[in-house]
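**Q** Structure in structure tokens, see below.
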Amino acid sequence: PPPNITHPSNEPFIPQASNFNSYSTRLPKLNLPVFSGDPLEWMTFWDSFNVAVHSKPGLPDVDKFNYLKAQVSGEAEQAIGGYLISGDNYVKALATLKERF
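Heads up, the final residue of the sequence shown is numbered 101 in the UniProt record's numbering, and it's a clean run with no missing numbers.
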């Protein structure tokens, strides 16, 4: 461990780990693609959505579902439009999209 450094007030200075999440405040907001239901676009959409939303462990499924519904249109929107917003329905809606597209 690094040695303690004496601060001018004669109190030991113990280095703290920097906040590694501080970089996120400087990055531009990501614009996720909208998935219209074209099977050729599914993998591109899923890769982006998975990284930005689905794989975030601290984000509740109900919030993930809100993000998902905001990023679909056309046939994809129709495919999951009957699901009410809930955590359980996020899993079902995602399974529907994966199976269909």
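Note that the Cβ used here is the ideal one computed from N, Cα and C, for glycine as well.
Note that the coordinates shown come from a computational prediction; the quantities given were computed from them, not determined experimentally.
1. Just curious, the alpha helix (DSSP H) that GLN78 is in, first and last residue?
2. Based on Cα-Cα distance, which residue from TYR83, LEU68 and GLY58 lies nearest to ASN31?
3. Determine the direct distance from the alpha carbon of SER36 to that of LYS56, and round the result to whole angstroms.
4. Starting from the C-beta of ALA93, find all residues in its chain whose C-beta is less than 6 Å away, skip the five residues before and the five after it, and write them out in chain order.
5. Round the Cβ separation of LEU59 and ALA76 to the nearest angstrom and send it over; I've been treating them as touching at under 8 Å.
6. What is the residue span of the alpha helix (DSSP H) that SER48 lies within?
7. Which same chain residues end up closer than 8 Å to THR44 when comparing Cβ atoms and leaving out the 5 residues on each side of it in sequence?
8. So the alpha helix (DSSP H) ASP88 belongs to, where does it begin and stop?
9. Within a Cβ cutoff of 8 Å, which residues of the same chain sit near ALA17, ignoring the five residues on either side of it in sequence?
**A** So, from the data block:
1. 74-80
2. LEU68
3. 23 Å
4. So the list reads ILE80 and TYR83, once near-sequence residues are dropped.
5. The Cβ separation is near 21 Å, so there is no contact.
6. 42-49
7. Answer for THR44: PRO33, listed in chain order.
8. 87-100
9. Any answer about ALA17 is weak, because its pLDDT of 48 lies below 50 and its placement is not dependable; what the coordinates show is given next. If we look at ALA17 and ignore the five residues flanking it on each side, it has no Cβ neighbours.
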